[in-house]
Amino acid sequence: MTASEKRNGTPVYKLVVRDIDFYYGANKVLHGISMDIEKNRVTALIGPSGCGKSTFLRTLNRMNEIIPDTRMTGVVTLDGKDIYRDFNDPSTIRTRIGMVFQKSNPFPKSIFDNIAYGLKVNGIKDKAIIRTVVEDSLKRAFLWDEVKDILDHNAYMLSGGQQQRLCIARALAIRPEVILMDEPASALDPLSTSKIEDLIGELKKNYTIVIVTHNMQQAARISDYTAFFYEGVMVEFGPTKELFTKPDRKKTEDYITGRFG
Amino acid sequence: MKTVQNNNTVSAVSLSGPLEFKPKTSGTIPRGLTFLAVAIIVTMLLIILGNIFLGGIGTINWEFLTHPPENGMEAGGIFPAIFGTVALVILMVIAVVPFGVLTAIYLHEFTRPSSKITRIIRVAINNLAGVPSIVFGLFGLGFFIGFVGGGLDSIFYDNEGPVWGQPAIIWASLTLALLTLPVVIISTEEALRTIPRELKEASYALGGTRLQTIGRVIIPQALPGILTGAILAVSRGAGEVAPIMFTGAAYYLPYLPGKLNDQFMELGYHIYVMATQSPDVEATKPILYGTVLVLLVLTFILNFVAIYIRSSMRKKRATV
Chain A
0 MTASEKRNGT
10 PVYKLVVRDI
20 DFYYGANKVL
30 HGISMDIEKN
40 RVTALIGPSG
50 CGKSTFLRTL
60 NRMNEIIPDT
70 RMTGVVTLDG
80 KDIYRDFNDP
90 STIRTRIGMV
100 FQKSNPFPKS
110 IFDNIAYGLK
120 VNGIKDKAII
130 RTVVEDSLKR
140 AFLWDEVKDI
150 LDHNAYMLSG
160 GQQQRLCIAR
170 ALAIRPEVIL
180 MDEPASALDP
190 LSTSKIEDLI
200 GELKKNYTIV
210 IVTHNMQQAA
220 RISDYTAFFY
230 EGVMVEFGPT
240 KELFTKPDRK
250 KTEDYITGRF
260 G
Chain B
0 MKTVQNNNTV
10 SAVSLSGPLE
20 FKPKTSGTIP
30 RGLTFLAVAI
40 IVTMLLIILG
50 NIFLGGIGTI
60 NWEFLTHPPE
70 NGMEAGGIFP
80 AIFGTVALVI
90 LMVIAVVPFG
100 VLTAIYLHEF
110 TRPSSKITRI
120 IRVAINNLAG
130 VPSIVFGLFG
140 LGFFIGFVGG
150 GLDSIFYDNE
160 GPVWGQPAII
170 WASLTLALLT
180 LPVVIISTEE
190 ALRTIPRELK
200 EASYALGGTR
210 LQTIGRVIIP
220 QALPGILTGA
230 ILAVSRGAGE
240 VAPIMFTGAA
250 YYLPYLPGKL
260 NDQFMELGYH
270 IYVMATQSPD
280 VEATKPILYG
290 TVLVLLVLTF
300 ILNFVAIYIR
310 SSMRKKRATV
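So the sequences go chain by chain: A and B.
Take the first sequence: its position 182, counting from 1, is numbered 181 in numbering that gives the first Met the number 0, and each next residue is one higher.
Take the second sequence: its position 306, counting from 1, is numbered 305 in numbering that gives the first Met the number 0, and each next residue is one higher.
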């Protein structure tokens with residue numbers, strides 16, 4: 000059963016990407032990427048290191064703008080609004096399209112303050128609201144039971160897997176519609192990885208998720224759609240099951256069968 | 000595999016069996032030379048410190064630290080100079096830290112590191128660090144006292160005698176601030192450079208603006224470096240004489256500075272005065288030794304505080 004069969008009628012596309020070219024200085028690293036990302040689904044981006052999948056992910060919430068000497072052409076729309084031209088300030092778009100990074104990157108603050116950070120920078124000062132949202136976010140990330148008694152402890156005390164779930168909780172706290180994940184489990188042990196994967200399965204009920212992963216089994220397990228990137232080009236994009244069982248392109252087949260990469 | 004068959008001067012190499020390595024020379028001579036260098040430096044340091052300590056410790060007592068000089072500096076204490084040094088340095092820190100930190104943040108967060116303008120500014124800062132301190136003193140005299148102070152006098156005081164256009168603690172501290180600016184900029188930039196990119200990205204990804212990210216993530220992370228820079232600036236500034244001798248330090252003052260445009264006494268300048276201008280050098284010698292010891296101890300304490308703050312704050316920083 001593929002994603003499109005599951006839901007009758009036309010799918011709803013949360014993010015629509017058209018003709019993205021991306022440059023680091025004079026070096027072109029993305030070539031004409033176009034993609035429709037369906038709402039409440041998990042879309043996985045796979046490909047060998049340096050293929051541009053992380054760079055592409057970061058164009059979806061304008062994170063590349065903080066890197067000097069980069070340039071992009073093309074259009075990304077969120078619910079039909081151009082995220083580059085219809086929003087003056089990139090910080091606004093990032094509250095709607097959240098991000099979780101490869102290395103867990105909690106602030107050197109308490110667990111509570113880590114979650115509260117996103118609320119505070121977006122102007123929420125009411126302590127009662129902040130407390131409620133912190134608790135709710137930690138529960139959504141299945142971390143609440145482990146940390147509810149140590150909210151004032153420094154986040155660095157947590158294990159690697161807990162820190163990554165804290166970062167997910169922190170991203171959830173500002174109620175994004177889309178969550179971008181850049182290899183969120185690549186630095187974690189198998190048990191923590193499976194917790195993160197379970198969490199992703201749970202989160203897609205409420206969020207649209209785009210995830211970069213090195214791990215093809217992971218992509219096969221958790222995603223509804225998969226895009227295969229190679230040397231800055233999107234070679235193939237389709238329902239995960241089809242892409243992994245009968246890929247259209249020889250290159251895709253070679254990669255997923257481990258012939259290179 | 001490399002072949003040497005074409006090279007007539009080298010005999011054919013057998014690819015099996017051991018190669019004939021040159022026997023190792025003993026490390027005695029290099030070790031001896033390096034040890035000698037260290038021994039000389041340590042001995043010199045011990046002689047200097049020992050001389051100052053033995054010469055000065057007898058003079059230092061509560062009286063010496065809390066009373067003004069008397070009898071043409073042949074008796075009494077050095078309290079006004081200690082007070083003046085501390086006041087001077089506090090004013091200098093107030094001026095130099097915000098300027099230095101803002102400059103470093105501009106260079107590191109708002110410009111591209113490869114851009115021409117950034118490189119020019121950096122060269123300028125490094126050159127500023129290399130300018131002899133006497134030049135800063137003359138600049139302070141010409142710019143702060145003559146131009147700024149004189150300008151204020153002619154605008155607000157109708158030139159009825161100098162109010163701001165004369166040597167004063169404010170001008171001396173600003174001159175010192177200029178001198179120590181590179182120290183603060185460089186150590187702040189060093190601190191900014193060590194902040195993990197991931198941490199800034201975390202802030203941006205949560206909808207933080209650039210200003211919020213600087214204020215809530217970057218500056219708190221850089222604080223140990225900023226404080227270290229401030230204290231290094233203090234320990235540098237506290238020992239300088241040349242920049243303040245034209246801009247505000249006084250030979251002798253019967254009162255403590257109470258206003259920004261008062262002159263002041265200062266330890267380093269006091270040492271200079273006693274060593275060179277005293278009518279009876281032998282009589283002032285014990286006081287001279289005592290003053291040097293006080294200045295040294297003050298500088299050491301500041302350095303230890305800097306090291307302590309840096310190491311204790313480093314433990315609290317992110318190490319993503």
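Ideal placement from N, C-alpha and C gives every residue a C-beta, glycine not left out.
Q.
On the criterion of 16 or more Cβ atoms from any shown chain inside 10 Å, does Thr1/A qualify as buried, or is it exposed?
A. By 1-based counting over the first sequence, the position of residue 1/A is 2. In this prediction, Thr1/A has a pLDDT of 42, which is less than 50 and means its spatial position is unreliable; what the coordinates show is noted afterwards. Answer is exposed; the Cβ neighbour count stays below 16.
Q) Would a check of beta-carbon distances place Tyr229/A closer than 8 Å to chain B? A) Counted from its first residue, the first sequence places residue 229/A at position 230. No, its Cβ sits nowhere closer than 8 Å to a Cβ of chain B.
**Q.** Simplified DSSP assignment, three categories, for Ile329/B
**A.** A question about residue 329/B goes unanswered here, because the residues of chain B that appear run from 0 up to 319.
(Q) For Pro246/A, report the span of its beta strand (DSSP E) as first-last. (A) In the first sequence, residue 246/A corresponds to position 247, counting from 1. Segment: none, Pro246/A is in no beta strand (DSSP E) and carries neither H nor E.
Q: Decide yes or no for the touch test of the stretch 59-73 of chain A against the stretch 219-233 of chain A: beta carbon pairs closer than 8 Å, at least 3 of them.
A: no
Q: Quick one: residues in its chain with C-beta nearer than 7 Å to the C-beta of Leu177/B, no 5 flanking neighbours on either side, listed in chain order?
A: Taking the second sequence and counting its residues from 1, the one referred to as residue 177/B is at position 178. These residues qualify, in order along the chain: Phe135.
Q) Pairing CB atoms from the stretch 194-210 of chain A with CB atoms from the stretch 35-46 of chain A, are three or more of them under 8 Å? A) yes
Q. So is Ser136/A buried or exposed if we call it buried at 16+ other beta carbons inside 10 Å?
A. Position 137 of the first sequence, counting from 1, holds the residue named residue 136/A. Ser136/A comes out buried.
Q) Within 8 Å (strictly less), CB to CB, does Glu200/B reach chain A? A) For the purposes of this step, residue 200/B is identified with residue 201 of the second sequence, where counting begins at 1. At least one chain A Cβ lies under 8 Å of Glu200/B.
(Q) Quick check: what's the CA-CA separation for Thr24/B versus Val37/B? (A) Counting from 1 along the second sequence, the entry for residue 24/B is found at position 25. Counting from 1 along the second sequence, the entry for residue 37/B is found at position 38. If you take the alpha carbons of Thr24/B and Val37/B, they lie about 23 Å apart.
Q.
According to DSSP, simplified to helix, strand and coil, what is Ala274/B?
A. For this step, residue 274/B is matched to residue 275 along the second sequence. Helix at Ala274/B.
Q. Any idea if Met156/A is buried or exposed, counting beta-carbon neighbours within 10 angstroms, 16 or more meaning buried?
A. As a working note, residue 156/A is residue 157 in the first sequence. That one is exposed.
Q) Taking Cβ positions only, does Gly224/B come closer than 8 Å to chain A? A) Along the second sequence, one-based indexing puts residue 224/B at 225. Not one chain A Cβ lies under 8 Å of Gly224/B.
Q. What residues in its chain sit with their C-beta under 7 Å from that of Thr386/B, if we drop five residues either side in the sequence?
A. Missing from the structure shown is residue 386/B; chain B here goes from 0 to 319 and no further.
Q. Is any beta-carbon of chain A found at less than 8 Å from that of Tyr254/B?
A. Along the second sequence, one-based indexing puts residue 254/B at 255. Taking Cβ atoms only, chain A never reaches closer than 8 Å to Tyr254/B, which makes this a no.
Q. Hey, is Ala204/B's beta-carbon within less than 8 Å of any beta-carbon in chain A?
A. Counting from 1 along the second sequence, the entry for residue 204/B is found at position 205. It does: the Cβ of Ala204/B has a partner Cβ on chain A nearer than 8 Å.
Q: Please report how far the alpha carbon of Gly200/A lies from the alpha carbon of Leu242/A, in whole angstroms.
A: One-based indexing of the first sequence puts residue 200/A at position 201. One-based indexing of the first sequence puts residue 242/A at position 243. C-alpha separation (whole angstroms): 20 Å.
Q. Just the Cα atoms here: how many angstroms apart are Lys80/A and Ile144/B?
A. Within the first sequence, residue 80/A is the residue found at index 81, counting from 1. Within the second sequence, residue 144/B is the residue found at index 145, counting from 1. In a straight line, the C-alpha of Lys80/A is about 59 Å away from that of Ile144/B.
Q) If you run the structure through DSSP and keep just helix, strand and coil, what is Met71/A? A) Taking the first residue of the first sequence as 1, we reach residue 71/A at position 72. In the structure shown, Met71/A sits in a strand (DSSP, three-state: E or B).
Q | chain A residues whose Cβ lies nearer than 9 Å to that of Gln211/B | A | In the second sequence, counting from the first residue as 1, residue 211/B sits at position 212. Under the 9 Å cutoff, chain A gives Ser90, Lys119 and Val120.
Q: Quick one: list the residues of chain A neighbouring Glu197/B, beta-carbon separation under 9 Å, in chain order.
A: Within the second sequence, residue 197/B is the residue found at index 198, counting from 1. By Cβ distance, chain A contributes Phe100, Gln101, Lys102, Ser103 and Asn104.
**Q.** Exposure label - Pro181/B; buried when at least 16 CB within 10 Å
**A.** Numbered from 1 along the second sequence, position 182 holds the residue referred to as residue 181/B. Buried is the call here.
Q) For chain B, is any of its Cβ atoms less than 8 Å away from the one on Asp125/A? A) Position 126 of the first sequence, counting from 1, holds the residue named residue 125/A. So no, Asp125/A is outside the interface.
Q. Checking contacts by CB at 8 Å: is Thr208/B closer than that to chain A?
A. Residue numbering aside, residue 208/B sits at position 209 when the second sequence is read from its first letter. For Thr208/B, the answer is yes, since a Cβ of chain A falls inside 8 Å of its Cβ.
Q) Which residue from Glu265/B, Tyr288/B, Met72/B and Ile230/B puts its Cα closest to that of Ile300/B? A) Taking the first residue of the second sequence as 1, we reach residue 300/B at position 301. Checking every option, the nearest Cα to that of Ile300/B belongs to Ile230/B.
Q: Flag Arg93/A as yes if its beta-carbon sits less than 8 Å from any beta-carbon of chain B, otherwise no.
A: Taking the first sequence and counting its residues from 1, one reaches residue 93/A at position 94. True, the Cβ-Cβ gap to chain B drops below 8 Å.
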